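Worksheet for the structure shown next.
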Amino acid sequence: MKTLKRMAPKVGFVSLGCPKALVDSERILTRLRAEGYEVAASYAAADLVIVNTCGFIDSAVDESLDAIGEALAENGKVIVTGCLGAQPQKILDRHPQVLKITGPQRYEEVMASVHEHLPPLHEPFLDLIPAQGIKLTPRHYAYLKISEGCNHRCSFCIIPSFRGDLVSRPVAEVLREAENLVRAGVKEILVVSQDTSAYGVDLKYAAQPWRGADRRARFFDLCAALGELGVWIRLHYVYPYPHVDQVIELMAANKILPYLDIPFQHASARILKLMKRPAAAENTLERIAAWRRVAPDITIRSTFIVGFPGETDQDFAELMDWLRIAQLDRVGCFEYSPIEGASANALVEKSVPDEVKHERREQFMELSAQISAARLAQKIGRKMRVLVDKIQGSDAIARSPSDAPEIDGTVKIRKAKGLSVGDWADVQIIKAGAYDLEAKIESP
Ligand code: SF4
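Shown next as structure tokens:
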């Protein structure tokens, strides 16, 4: 007897923005797959397209609006979600024909809209969904989102206005997800949130059992538990609060990667106060020096904003002096640009001219490139374990413990025959540039 098989409805997905948005995309894709939808590889093959947008700065808004326009032109049925969705009028002004607009983390609303415009198959293929969910990253690394929202109110940022206050995920749920990822072959977990060091504050650090012991929903306890999984654990979006010091000891003991991504944003106390930054009163130089004493191999990455309203030559000179002393390994720098709805817009009469912002950014990046080159040169001759991301001809492009994917440098392994994507390799560094390293194989 011939069995009639209904075709699964197909959804196209465009994911823009930061790792936190990527995690939102993964959750929606996981739900779609759980309900029997297939993910289409092209606009033409899709019955409907979801665009997960970013709305953080003007260029991201433009990119998101262009992506929506492209999906409409190529497919016609488009649901918009993500950060730009928090400002629906901006989308409707350019693209009034979109089917639905929702803000970030509105998984239920996205799914309800998908059901309305593209009903699911009658029987959900629950068994199609792998335990670790759907990953958009390569198989060997994955982002782990531990909380949503943020209790701070930085004056240049509007994230709390649409993501709300901090809501941490229960500790056992986070650890189970991490375990599933490792079982699925993930070798590096990147911990993300808006404020990783604040994890669990809203839960009053509630404990839950995991692997036979009570674990508290607390930054240190979570890092210690993740460190038991035997894979690389990399921390992003940490603030320099005193309780972070304890986690440096886990790094020194090789439990988690000696890597901290701390968005310092500035060094002038006056500007940090105007920015309303968390931990603005901490003596960050002292703290960095103390961390390096405990974990000499620690890599510190950060981002900065130059040209914030009211930033004087003196403030900028303070920032440059700070960087000279801090010797940060990895640095990104943005010229300040106002974001609709941010409280810093009230400082408009203190705006810094564009050419000054530009000049300051160039000077800042020049200094950071010199620091990076000098620090990388010290690694020549050293042996280290790296993780392979790509194969390029006879070379492999890998990352060391100092390199987060997409934002940091790489280690190019010459004559990497036999290596595949996702492999560990033990290498010796033979050459250093401003941001990247070259290595030869020690043992496959
Ligand atoms: S810490 Fe500041 S910049 Fe980061 S999400 Fe919270 S308010 Fe925005």
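Taking the numbering used here, the leading residue of the sequence shown gets -5, the next gets one more, and so forth. Heads up, the beta-carbon is just placed ideally off N, CA and C, and yes, glycines get one too. Quick caveat: nothing in here was measured; it's all calculated off a predicted structure.
* Asked: With distances taken between CB atoms, is the gap from Asp389 to Arg408 smaller than 8 Å?
  -> If you number the sequence shown from 1, residue 389 lands on position 395. If you number the sequence shown from 1, residue 408 lands on position 414. Contact: yes.
* Asked: Sorry if obvious, but does the Cβ on Ile51 come closer than 7 Å to a heavy atom of ligand 1?
  -> Start at 1 with the first residue of the sequence shown, and residue 51 comes out as number 57. Because no heavy atom of ligand 1 lies under 7 Å away, the Cβ of Ile51 does not count as near it: no.
* To do: Pull up the CB-CB distance for Val186 and Tyr137, whole angstroms please, since I reckon it's below 8 Å.
  => Here residue 186 corresponds to residue number 192 of the sequence shown, with the count starting at 1. Here residue 137 corresponds to residue number 143 of the sequence shown, with the count starting at 1. Contact holds; Cβ gap of about 5 Å.
* Asked: How is Lys476 classed by DSSP in three states: helix, strand or coil?
  -> With the chain represented from -5 up to 438, any question about residue 476 goes unanswered, as that position is not in the structure.
* Asked: From Val5 to Arg281, what does the alpha carbon distance come to, in whole angstroms?
  -> Position 11 of the sequence shown, counted from the first residue, corresponds to residue 5. Position 287 of the sequence shown, counted from the first residue, corresponds to residue 281. Counting only the Cα atoms, Arg281 lies some 48 Å from Val5.
* In the structure shown, what three-state DSSP assignment does Val225 receive? -> Taking the sequence shown and counting its residues from 1, the one referred to as residue 225 is at position 231. DSSP places Val225 outside both helix and strand once states are collapsed to three, so it counts as coil.
* To do: Please name the residue, chosen from Ser366, Glu110 and Ala419, that lies closest to Asp402 on a Cα-to-Cα basis.
  => Here residue 402 refers to the residue found at position 408 when the sequence shown is read from its first residue. Nearest option by C-alpha distance: Ser366.
* Segment contact, 8 Å Cβ cut-off, at least three pairs: the segment 316 to 323 with the segment 264 to 276 -> Judged by pairs of C-beta atoms under 8 Å, the segment 316 to 323 does not touch the segment 264 to 276, as fewer than three such pairs exist.
* Mapping DSSP to helix, strand and coil, what is Asp215? -> Taking the first residue of the sequence shown as 1, we reach residue 215 at position 221. Helix, per DSSP.
* Sorry if obvious, but does the Cβ on Ile140 come closer than 7 Å to a heavy atom of ligand 1? -> Looking up residue 140 in the sequence shown gives position 146. It does not: the Cβ of Ile140 is nowhere closer than 7 Å to a heavy atom of ligand 1.
* **Heavy atoms of ligand 1 versus C-beta positions, residues under 6 Å** => Any residue whose Cβ sits closer than 6 Å to a heavy atom of ligand 1 makes the list: Cys144, His146, Arg147, Cys148, Cys151, Ile153, Pro154, Gln188, Asp189 and Pro272.
* If we ignore side chains and look at the alpha-carbon of each, how far apart do Asn46 and Pro332 end up? -> Looking up residue 46 in the sequence shown gives position 52. Looking up residue 332 in the sequence shown gives position 338. Their backbone Cα atoms lie some 22 Å apart in a straight line.
* Any idea what DSSP makes of Phe302, helix, strand or coil? -> Translated into positions along the sequence shown, residue 302 becomes position 308. In the displayed model, Phe302 falls within coil according to three-state DSSP, outside both helix and strand.
* **Any 3 or more C-beta pairs closer than 8 Å across the segment 30 to 46 and the segment 147 to 160** => Because the criterion of three Cβ pairs below 8 Å is not met, the segment 30 to 46 and the segment 147 to 160 do not touch.
* is_contact[Arg133, chain C] using C-beta, thresh 8 Å -> Absent from the structure: chain C. Only one protein chain is present.
* CA nearest to the CA of Ala289, picked from Ala246, Gly304, Leu251 and Leu322 -> Indexing the sequence shown from 1 puts residue 289 at position 295. Closest option to Ala289, Cα to Cα, is Ala246.
* Scan the segment 348 to 387 and note each continuous beta strand (DSSP E) run of 3 residues or more that stays entirely inside, going in chain order. => DSSP runs (the beta strand (DSSP E)) wholly in the segment 348 to 387: 377 to 386.
* **Reference Val238; option with closest CA among Leu59, Leu254 and Lys249** => Position 244 of the sequence shown holds residue 238. Of the candidates Leu59, Leu254 and Lys249, the one whose C-alpha sits nearest the C-alpha of Val238 is Leu254.
* Cβ shell of Ser149 (< 6 Å), same chain only, five flanking positions each side left out -> Numbered from 1 along the sequence shown, position 155 holds the residue referred to as residue 149. Met269, Lys270, Ser337 and Ala338, listed in sequence order.
* **Asn277 - containing alpha helix (DSSP H), residue span** => Your numbering for residue 277 matches position 283 in the sequence shown. Asn277: not part of any alpha helix (DSSP H); DSSP gives it neither H nor E.
* Would you mind reading off the limits of the alpha helix (DSSP H) that contains Val63? => As a first step, residue 63 must be located in the sequence shown, where it is residue number 69. Here residue 63 is Gly; the residue named in the question, Val, does not match the sequence. Boundaries of the alpha helix (DSSP H) harbouring Gly63: Asp52 to Glu68, taken from the DSSP string.
* Backbone secondary structure at Asn174 - three-state DSSP -> Position 180 of the sequence shown, counting from 1, holds the residue named residue 174. Of the three classes helix, strand and coil, the one that applies to Asn174 here is helix, per DSSP.
* Asked: What's the gap between the Cα of Asp323 and the Cα of Leu66?
  -> For the purposes of this step, residue 323 is taken as the residue at position 329 of the sequence shown. For the purposes of this step, residue 66 is taken as the residue at position 72 of the sequence shown. Distance between Asp323 and Leu66, taken at the CA atoms: about 42 Å.
* Asked: Asn145 by DSSP, collapsed to three states: which one?
  -> For the purposes of this step, residue 145 is identified with residue 151 of the sequence shown, where counting begins at 1. Three-state DSSP puts Asn145 in coil, outside helix and strand.
* Using three-state DSSP, classify Arg452 as helix, strand or coil. => Shown here, the chain extends from -5 to 438; a query on residue 452 therefore has no answer.
* Asked: Which partner residues of Leu169 appear in the DSSP bridge assignment?
  -> Residue 169 sits at position 175 when you count from the first residue of the sequence shown. DSSP, once it has assigned bridges, lists no residue as partnering Leu169.
* What does DSSP give as the partner residues of Pro203 in its beta bridges? -> Residue numbering aside, residue 203 sits at position 209 when the sequence shown is read from its first letter. In the DSSP output, where bridge partners are listed per residue, Pro203 has Asp208.
* To do: Please report how far the alpha carbon of Val17 lies from the alpha carbon of Glu102, in whole angstroms.
  => Against the sequence shown, residue 17 aligns to sequence position 23. Against the sequence shown, residue 102 aligns to sequence position 108. Between Val17 and Glu102, the alpha-carbon positions lie close to 15 Å from each other.
* Would you identify the three-state DSSP class for Ile292, choosing helix, strand or coil? => Start at 1 with the first residue of the sequence shown, and residue 292 comes out as number 298. In the structure shown, Ile292 sits in coil (DSSP, three-state: anything other than H, G, I, E or B).
* Asked: Counting Cβ pairs closer than 8 Å, one from the segment 197 to 211 and one from the segment 229 to 237, do we hit at least three?
  -> With contact defined as three or more Cβ pairs closer than 8 Å, the segment 197 to 211 and the segment 229 to 237 are not in contact.
* **Any 3 or more C-beta pairs closer than 8 Å across the segment 98 to 114 and the segment 73 to 84** => Touching, per the Cβ criterion.
* To do: With DSSP collapsed to three states, give me the class of Gln422.
  => Residue numbering aside, residue 422 sits at position 428 when the sequence shown is read from its first letter. Correct three-state label for Gln422: strand.
* Which residues bound the alpha helix (DSSP H) around Lys267? -> On the sequence shown, position 273 is the one that residue 267 refers to. Residues Ala263 to Met269.
* Is the CB-CB distance between His89 and Gly63 below 8 Å? -> As a working note, residue 89 is residue 95 in the sequence shown. As a working note, residue 63 is residue 69 in the sequence shown. For His89 and Gly63, yes; Cβs fall inside 8 Å.
* Asked: What is the DSSP secondary structure of Tyr231, counted as helix, strand or coil?
  -> By one-based count along the sequence shown, residue 231 stands at place 237. Coil at Tyr231, not helix or strand.
* Asked: What's the gap between the Cα of Pro399 and the Cα of Gly158?
  -> Position 405 of the sequence shown, counted from the first residue, corresponds to residue 399. Position 164 of the sequence shown, counted from the first residue, corresponds to residue 158. Answer to the nearest angstrom: the Cα atoms are 28 Å apart.
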